[in-house]
Structures are given as C-alpha cells and as structure tokens.
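Under full-length UniProt numbering, the first residue of the sequence shown carries the number 1, and numbering increases by one thereafter.
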Amino acid sequence: MPAMRNVISTLDNQGREVMGPGVLLYHYADPNILNGSLITVESNHFCVLKSRGAILNVYDTGQFQLETPDRPLFGSMQRSFYGGQSPWQYEVIYINRAKSVIKARGTALSREMAELSYEVDYYIHIETKEDALKLVQHMPVAGHMVNANEVNEYAGPVVEQAVNQIVQVTPLEQVNEKIHEISELVSGHLQEFLGVYGITLNDVKVLIKPQDERMRELLSLRAFGMTEQEAMRAYLALKLADRGLAVAVNALLGEPLQVALLPSNLYGDVAQLGLGNGSLQR
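Here it is as structure tokens:
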C-alpha cells in the first residue's frame, strides 16, 4: 500500500507564509515526516534535510519527493532495535535567500570623550546552497526560527568595535568626515564575521551623531564655516529668538545691549516697562 503523501512547505495551517521579512531560518515543526512526502522549496528559499543530526541533502527551488529506506520488511527490526520508532527521523530546515536588513545601535566616545550615538544598517542574504549549509551547521537555533535580531546579537559587538576603533581617536568635529572610512571598516569586519555563518553582506550604512542636542546644533552651525565663538553666539541668538527676546540680535552680533535711562516721571512708574524692579540708579 503506498504511503500517504503530505506536502512540506513554509506555509502554516492557515496558508500563511511563515518566513516573512527578517526570518533567516525556519525549522519545519512537524517531526512526523513520512516516506514519499513532498518537499516544496520556493524560489527565494533553500531547504536542508537532516536525519538524526546528519545532513542528507540541500535542495534548491522545486518540489522533491522524500525517499526513505523504510520498508514493511524491516518493521520487526525497527520495533526490536528502535523501540517501535523509525530509525529515519527527518528534519526539514528552510533558509531564506531574500535580503534582510538589520539595524545595530550603540554609543561611542570621541577623542574628547564626548558621547556619540551610532546607527548601522547592514543588508544580508544567503547566496548559495553551501552558504545555507554553513548557516545550519554554525548558527544556534532556539525554537523553530532564527531572525535578524538574533543574528545581530552575534554581530552587534563586531560593529561596536569597528566604530570605536576610529571614533575614539577622532576629534568630535571630524567624526562625520570619517564616515566613509568607518563604513569600510565596519563592512570588512562584518563580512569576515558573518562569512563563518554563510551570510553574505551586501551593503552597510553608518550614521553617527552627538547624543547631546546642544552639541548637535552647535556642530550644525560650525558646518556653515563659523568659528567656535561665532557658533556659540549664533546658538545663543537662536535660543533668545525662540523666546521672542529682542536681544537675540545683540547676541548674534556680539554687541552689548544699550539701555537708555529715562526720567522717572516721564512715563510714570518705570516698573511698568519691565526694567528691573522700578528703581534705576543714575
């Protein structure tokens, strides 16, 4: 009597795709894979077949029939030597070939020990069947999936080390001038690290900025070619202007505020003009 064929795929019981964005690996949850089962592999997936820890095959796109050596003749032997269980217990593991984006965040210190925050977006994918094999062999799997955030737990310290290697010896004002150099260093370290897991690095984007909002605004003003003193005056003028104070112009020009003293009886009580407590010393 022919064995019943069940279809193994990455769809759940409701027909929804379980390998969405950010999912690199999916371990097929049903342990009862039968002889003659059909393994369906989509165009953006690889599939790895294992039996009792040993890797038997890696499938590309298509549909494949699983042929096991189980035969009715061996039924009594299986019961005797394997406690009634089949010796061929299979695992089906799907690997996502589509690109995933991972975001790494952290802090770094400039040469002056100023705190900077960085964001690194890096894009990855699994290129070949050999790479899929590496991922299965070297990436620990907790549960039935490996997602991008779990990969970042391994790669995050590599990113942090690469960023700090340059930032810590660079003056705060010059950090953004080193973005290209930092990106290349992060990319080199990441590709070397991720290659062990069969992961290909496609692109790296690095953004670094001071954590202190005032420092960010001052550096923006300095980018207009202002000196440190001019940037400080412009920053003060902007804050005063936000409060609607006329002295903002004086702060920008670096000129003192001139206050004309008027006779006390010319406009009545000078306290109404908002000049101190109403008593002016001549």
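Yeah, the Cβ is synthetic: ideal placement off N, Cα and C, and Gly gets one too.
Nothing here was measured: the structure is a model prediction, and the numbers come from that model.
- With respect to the 7 Å criterion, Leu38 and Gln14 are not classified as neighbours on the basis of their beta carbons.
- Annotated three-state conformation of Tyr28 is coil, per DSSP.
- Put simply, the segment 103-123 does not touch the segment 23-43. Fewer than three CB pairs are less than 8 Å apart.
- With a cutoff of 7 Å on beta-carbon distance, Tyr197 and Leu135 are scored as near each other.
- For Tyr154, the enclosing alpha helix (DSSP H) stretches over residues Ala148 to Val167.
- Pairing Thr107 with Glu160, the inter-Cα distance amounts to about 8 Å.
- Here Thr10 is buried: its Cβ has 16 or more other Cβ atoms, across all protein chains shown, within 10 Å.
- The Cβ atoms of Val158 and His189 sit closer than 7 Å to each other.
- Secondary structure note for Val136: its alpha helix (DSSP H) is the uninterrupted segment Lys129 to His138.
- Exposure of Ala142 is indicated by the presence of fewer than 16 other C-beta atoms within 10 angstroms of its C-beta.
- Phe46 is the residue among Gln211, Phe46 and Gly254 whose C-alpha sits nearest the C-alpha of Asp131.
- Exposure of Ala54 is indicated by the presence of fewer than 16 other C-beta atoms within 10 angstroms of its C-beta.
- Sixteen is the threshold: when 16 or more other Cβ atoms of the shown chains lie within 10 Å of the Cβ of Asn96, as they do, the residue is buried.
- Contact between Ser187 and Val204 holds: CB atoms are separated by about 4 Å, below the 8 Å threshold.
- DSSP, read as helix, strand or coil, puts Lys99 in coil.
- Pairing Tyr94 with Tyr26 gives a Cβ-Cβ distance under 7 Å.
- Note on geometry: alpha-carbon atoms of Gly156 and Pro171 lie some 24 Å from one another.
- Contact between Val120 and Val206 is confirmed by a C-beta separation of about 5 Å, below the 8 Å threshold.
- Counting along the chain, Glu112 sits inside no alpha helix (DSSP H), nor does DSSP assign it H or E at all.
- For Thr61, same chain residues with a beta-carbon under 6 Å away, outside a window of 5 residues either side, are Val41 and Ser43 in chain order.
- Collapsing the DSSP output to three states places Glu192 in a helix.
- Excluding sequence positions up to five before and after His180, its CB lies less than 7 Å from no other CB in the same chain.
- Nearest to Val151 by C-alpha distance, out of Ala162, Val175 and Ile126, is Ile126.
- By the CB criterion at 7 Å, Ile124 and Ile33 fall outside the cutoff.
- Under the DSSP assignment, Ser9 falls outside any beta strand (DSSP E); it carries neither an H nor an E label.
- Between the alpha carbons of Leu201 and Leu194 lies a distance of about 8 Å.
- Straight-line spacing of the CA atoms in Ala98 and Leu245 works out to 56 Å.
- The Cβ atoms of Glu91 and Lys129 do not sit closer than 7 Å to each other.
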